[in-house]
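Residue numbers (our numbering), protein chains in the order written: chain V, -15 to 305; chain G, 58 to 420.
We put the beta carbon where it would ideally sit given N, CA and C, even for glycine.
Values in this document were obtained by computation on a predicted structure and should not be read as measured data.
Have a look at the structure below, then the notes.
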Amino acid sequence: MTLDQLILAFITVVNISTPILLAATGELVVEKSGVLNLGVEGMMLCGAIAGFAVTFVAGDPSYADSAPWLAAAAPWLGVAAAALAGLLASLLFGFMTLTLGANQVATGLALVIFGTGISSLIGTAYVGIAIQSFDSVFPDALVNDPIGKLFFSYSPLVYFALLMVAAVGFFLNKTRAGLVLRAVGENDLSAHSIGYSVIGVRYLAVMFGGAMSGIAGAYFSMVITPLWAEKMTAGRGWIALALVVFAGWRSGRLLGGAYFFGLFMTLELYAKASGFSFLPSQFWASMPYLMAIIVLAAISARGRGGSEAPACLGKPFIPDA
Amino acid sequence: MRIWLEKRQAPSNVMQALTPVGAVLMTMIVGALIFWAIGYDGPRAVWDIFFTPILASYKWPDVATKAAPLILIALGLCLGNRAKIWNIGAEGQYVLGALGGASVAKYTQGATGGWIVPLMIVVGMAAGAAWAGIAAFLRNRFRVNEILSSLMLVYVALQLLNYLVTGPLKDPNGQNFPQTAPFTAAQRLPHDWFGWPFPPGLYLAFALALVFWLVMARSEYGLGIRIVGDAPRAARYGGYSQAGAVWSTLTISGAMAGLAGVLEAMTQSGQLNLGFPSGYGFTAIIVSFLGRLHPIGVVLAGLVLAISYVGGQVAQTTVHVPSATAGIFQGMMLFFILASDVLVRRRVRIEWGGAAKSAGSRA
């Protein structure tokens, strides 16, 4: 493997792991507040179709005369719409689990089923259409430089994801609001008794997670392949959930974990393209999921797996119960 | 006027039975509104989805065909869900069951005899149980969350199916199509039983619903499962093993999903191909909740969901709703049933004026 190929492989790993990094960063905040939202996959699909549809509509060439700025802004509007779609989907989850106290596991599953259905419904109008995605943010000289492209050739969403990991780490560990959020997740009754709104904090966390999942979904339909396809997130939302466990609920470990999974997803792509024929291609396709299982086993078996999870994770908060 | 929710002393049995009906009604109303809002004939779509399959008797065999696997899988899921042990990978176990049966079929191509069908069923159930057993093993040995592991195994199972039908189990005379050899007459089960055009899985599902009901309501085992779910600490003191519940609920639900899969392969498709996975494993989760985790409720809920499947296809041809419609209705149904849980645990109180005097009762 030459240096060039190595650099290309690295770029693929970064690109392919970005959506699970985005979704897992959001889900980390949700779980830190004590809520388990399994609906990541559904929220991602809502974001994927919303981002695609809005980018397509805003990028319509017929606006070129009246609003020439719109073509360049279209993908950004798409991302905003994706975040909004994910957020709305998460509000549905929030209302069910936080206001009505419904079971979080089952409600998360309902969100996956519903999100899959609604995205397919809206998406029927957009099958077989291509969209104009982001232009590169850096000058061409840097993007095409053999070494420079290692750092400068990505979609803006990749840099956004890295920024958000750092921001969430700072928020959770260095700010007062982050401390309150962790307190709500570790001991909801105590946080409630000293006057914090447990439900309010959890609503905000769930909404943040929804928006991040929505953007993660948009990465599929706007960056990886600028096309819409039903169920195009292909289970990556579940990998994002595993990534949060893998990272031991610590933001600092999300990045390494995402690239670890990204490595196996890249192997799958290479296997499809060049055929690592010593093993069947289906083996490589199942690798990310197999690795997720193995990694979960290794992490959980260290004995700290249980204690690293927020103590109130998945438990409904009903003050008068 | 003030409206608030008051905690009930004990969960309401009336609401327990009424809320699923309400959830289905709400799904119909909201579904009609959504489809009307996006430009379809919403009321007609709802009529076709929920009532046409009941009124048109020629649709009954279709409904029965869909209901059989849904009820079989959901019966197994009830056990685990009662114990708050979540098997959401039934779809994978369903595929493994069919693969188990197809493996037997490959080696019995030339054979005849009444032993082949039972052997296929047993191997299919064992394969489903073993696949779910992986999640049970990982949970008990390594404390891996069974929600994630069972779900991940679905994706692995789909790749395994893909590998087997394009490789070891591929039909040698199938012109290289990714499919197994068609099952022989000795490897199939007929569609018609007792003079009705309903698949054998349906009768089996009814019979097993009674068995599950007896086990859950009347046996020591059923009691243990419920205690593990409702009061894990009490279960520990009472000698009910959490690990045992994990093993038994996951493998039993895996075996039921495997049974559904192998029966589907033997009575419907008659071979396996890439189109075999149908989402029954996920829909069965809805069935188990809509049926209130009660075996008899599951039978009714399975019929409702089967009707919505068949009706969804009707509505596709009559009012041209897209194929995703059934999924939206199913998702909504699960939302409404979960939301209505609040009425089982709480009661709505409405006070007309003079709120001050009973404000204390709010706490």
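Which first and last residues belong to the beta strand (DSSP E) in which G268(V) is found?
Position 284 of the first sequence, counted from the first residue, corresponds to residue 268(V). Inspection of the sequence shows that residue 268(V) is occupied by Trp rather than by Gly. No beta strand (DSSP E) holds W268(V); the alpha helix (DSSP H) holding it covers 265 to 285.
Would you verify that the beta carbon of Q73(G) is, or is not, closer than 9 Å to some beta carbon of chain V?
In the second sequence, residue 73(G) corresponds to position 16, counting from 1. No, its Cβ sits nowhere closer than 9 Å to a Cβ of chain V.
So what's W172(G) in DSSP terms, helix, strand or just coil?
The sequence position of residue 172(G) within the second sequence is 115, counting from 1. The answer is coil: DSSP assigns W172(G) none of H, G, I, E or B.
Over what stretch of residues does the beta strand (DSSP E) that includes R403(G) continue unbroken?
As a position in the second sequence, residue 403(G) is number 346, starting the count at 1. Taken as a continuous stretch (DSSP letters only), the beta strand (DSSP E) holding R403(G) covers 403 to 408.
Kindly say whether M313(G), judged by its beta-carbon, lies nearer than 9 Å to any beta-carbon of chain V.
For the purposes of this step, residue 313(G) is taken as the residue at position 256 of the second sequence. So, not an interface residue.
Would you list, in chain order, the members of the region 219 to 234 of chain G that have their beta-carbon closer than 7 Å to a beta-carbon of chain V?
From the region 219 to 234 of chain G, only N219, Y220, G224 have a Cβ closer than 7 Å to chain V.
In chain G, what lies closer than 7 Å to G101(V) by C-beta?
Position 117 of the first sequence holds residue 101(V). Those are A381, G384, I385, G388, listed as they occur along chain G.
Which residues does DSSP pair with I60(G) in a beta bridge?
The count along the second sequence starts at 1 and reaches residue 60(G) at position 3. For I60(G), which the question treats as bridged, DSSP gives the partners I407(G).
Give me the DSSP bridge partner(s) of L211(V).
Here residue 211(V) refers to the residue found at position 227 of the first sequence. In the DSSP output, where bridge partners are listed per residue, L211(V) has A114(V).
Does any CB atom of chain G fall closer than 9 Å to the CB of L165(V)?
What you label residue 165(V) is simply residue 181 of the first sequence in a count that begins at 1. It does not: the Cβ of L165(V) has no partner Cβ on chain G nearer than 9 Å.
Based on DSSP bridge pairs, tell me the residues matched to K299(V).
By 1-based counting over the first sequence, the position of residue 299(V) is 315. BP columns for K299(V) are empty, so no partner.
Count the other CB atoms, across all protein chains shown, that sit within 10 Å of the CB of L165(V); report buried if there are 16 or more and exposed otherwise.
Within the first sequence, residue 165(V) is the residue found at index 181, counting from 1. Result: buried.
Is W143(G) close to chain V, meaning its C-beta is less than 9 Å from at least one C-beta of that chain?
Indexing the second sequence from 1 puts residue 143(G) at position 86. Answer yes: the Cβ-Cβ gap between W143(G) and chain V drops below 9 Å somewhere.
Should T83(V) be labelled buried (16 or more other beta-carbon atoms within 10 Å of its own) or exposed?
Position 99 of the first sequence holds residue 83(V). Its Cβ having fewer than 16 others within 10 Å, T83(V) is exposed.
Would you tell me roughly how many angstroms separate the C-alpha atoms of V356(G) and E148(G), rounded to the nearest one?
Numbered from its first residue, the second sequence carries residue 356(G) at position 299. Numbered from its first residue, the second sequence carries residue 148(G) at position 91. Looking at the two C-alpha atoms, the distance is approximately 19 Å.
Apart from the five residues on each side of it in sequence, which residues of its chain come closer than 6 Å, Cβ to Cβ, to M273(G)?
In the second sequence, the residue the question calls residue 273(G) occupies position 216. Result list for M273(G): G279, in chain order.
Under 7 Å Cβ to Cβ from A168(G), same chain only, skipping five residues before and after it: list those, please.
Here residue 168(G) corresponds to residue number 111 of the second sequence, with the count starting at 1. So the qualifying residues of the chain are A243.
Can you pull the chain G neighbours of M341(V), defined as C-beta to C-beta under 8 Å?
The first residue shown for chain V is -15 and the last is 305, placing residue 341(V) beyond what the model contains.
Taking the Cβ atom as the reference point for each residue, do L297(V) and G18(V) lie within a distance shorter than 9 Å?
Stepping through the first sequence from its first residue, residue 297(V) is reached at position 313. Stepping through the first sequence from its first residue, residue 18(V) is reached at position 34. Cβ distance < 9 Å, so L297(V) and G18(V) count as in contact.
List, from N- to C-terminal side, the beta strand (DSSP E) runs of 3 residues or more that fit wholly inside the region 81 to 124 of chain G.
Those beta strand (DSSP E) runs which fall completely within the region 81 to 124 of chain G and span 3+ residues do not exist here.
Whole angstroms is fine: what's the gap from G417(G)'s alpha carbon to A189(G)'s?
Numbered from its first residue, the second sequence carries residue 417(G) at position 360. Numbered from its first residue, the second sequence carries residue 189(G) at position 132. With a pLDDT of 43 at G417(G), under the threshold of 50, the modelled position of this residue cannot be trusted; read the value that follows with caution. Cα-Cα distance, rounded: 50 Å.
Apart from the five residues on each side of it in sequence, which residues of its chain come closer than 8 Å, Cβ to Cβ, to R403(G)?
Taking the first residue of the second sequence as position 1, residue 403(G) is located at position 346. For R403(G), where only same-chain residues beyond five positions count, the Cβ hits under 8 Å are L62, E63, K64, R65.
Decide if the region 114 to 130 of chain V is in contact with the region 201 to 215 of chain V; the criterion is three or more beta carbon pairs, one per stretch, under 8 Å apart.
Result yes; three or more Cβ-Cβ pairs closer than 8 Å.
State the Cα-Cα distance for the pair A125(V) and S139(V), rounded to the nearest angstrom.
Stepping through the first sequence from its first residue, residue 125(V) is reached at position 141. Stepping through the first sequence from its first residue, residue 139(V) is reached at position 155. Answer to the nearest angstrom: the Cα atoms are 16 Å apart.
Is it true that the CB of F240(G) sits closer than 9 Å to the CB of Q328(G)?
Indexing the second sequence from 1 puts residue 328(G) at position 271. Indexing the second sequence from 1 puts residue 240(G) at position 183. A contact, by the Cβ cut-off of 9 Å.
Which residues in chain G sit within 7 Å of M80(V), going by Cβ to Cβ distance?
The residue you call residue 80(V) lines up with position 96 of the first sequence. By Cβ distance, chain G contributes F392, L395, A396.
Bridge partners of Q236(G), per DSSP?
Numbered from 1 along the second sequence, position 179 holds the residue referred to as residue 236(G). Q236(G) pairs with N330(G).
Indicate the three-state DSSP secondary structure (helix, strand or coil) for K141(G) in the structure shown.
In the second sequence, the residue the question calls residue 141(G) occupies position 84. Coil at K141(G), not helix or strand.
Run through DSSP, which three-state label would W60(V) get?
Here residue 60(V) refers to the residue found at position 76 of the first sequence. Correct three-state label for W60(V): helix.
What is the DSSP secondary structure of W222(V), counted as helix, strand or coil?
On the first sequence, residue 222(V) is found 238 positions in, with the first residue counted as 1. W222(V) falls in the helix class under three-state DSSP.
What does a CB cutoff of less than 8 Å around L350(G) pick up in its chain, not counting 5 residues either side in sequence?
For the purposes of this step, residue 350(G) is taken as residue 293 along the second sequence, with counting starting at 1. C135, N138, R139.
Rounded to a whole number of angstroms, what is the C-alpha to C-alpha distance between A305(V) and M72(G)?
Counted from its first residue, the first sequence places residue 305(V) at position 321. Counted from its first residue, the second sequence places residue 72(G) at position 15. Confidence in A305(V) is poor, its pLDDT being 46 and thus under 50, which makes the residue's placement unreliable; the coordinate value appears in the next sentence. Those two C-alpha atoms are separated by around 19 Å.
Between the Cα of I106(V) and those of V63(V), A55(V), F36(V), V228(V), spot the shortest distance and give me the residue it belongs to.
Within the first sequence, residue 106(V) is the residue found at index 122, counting from 1. It is F36(V).
Leaving out the 5 sequence neighbours to the left and right, which residues in its chain are closer than 6 Å to A69(V) when beta-carbon positions are compared?
Numbered from 1 along the first sequence, position 85 holds the residue referred to as residue 69(V). Within the same chain, A69(V) has close Cβ partners C30, G31, A34, G198.
In chain V, what lies closer than 7 Å to F339(G) by C-beta?
As a working mapping, residue 339(G) is identified with position 282 in the second sequence. Under the 7 Å cutoff, chain V gives I97.
Give the secondary structure of A74(G) by DSSP, where H, G and I count as helix, E and B as strand, and everything else as coil.
The residue given as residue 74(G) occupies position 17 in the second sequence. If DSSP states are grouped into helix, strand and coil, A74(G) belongs with the helices.
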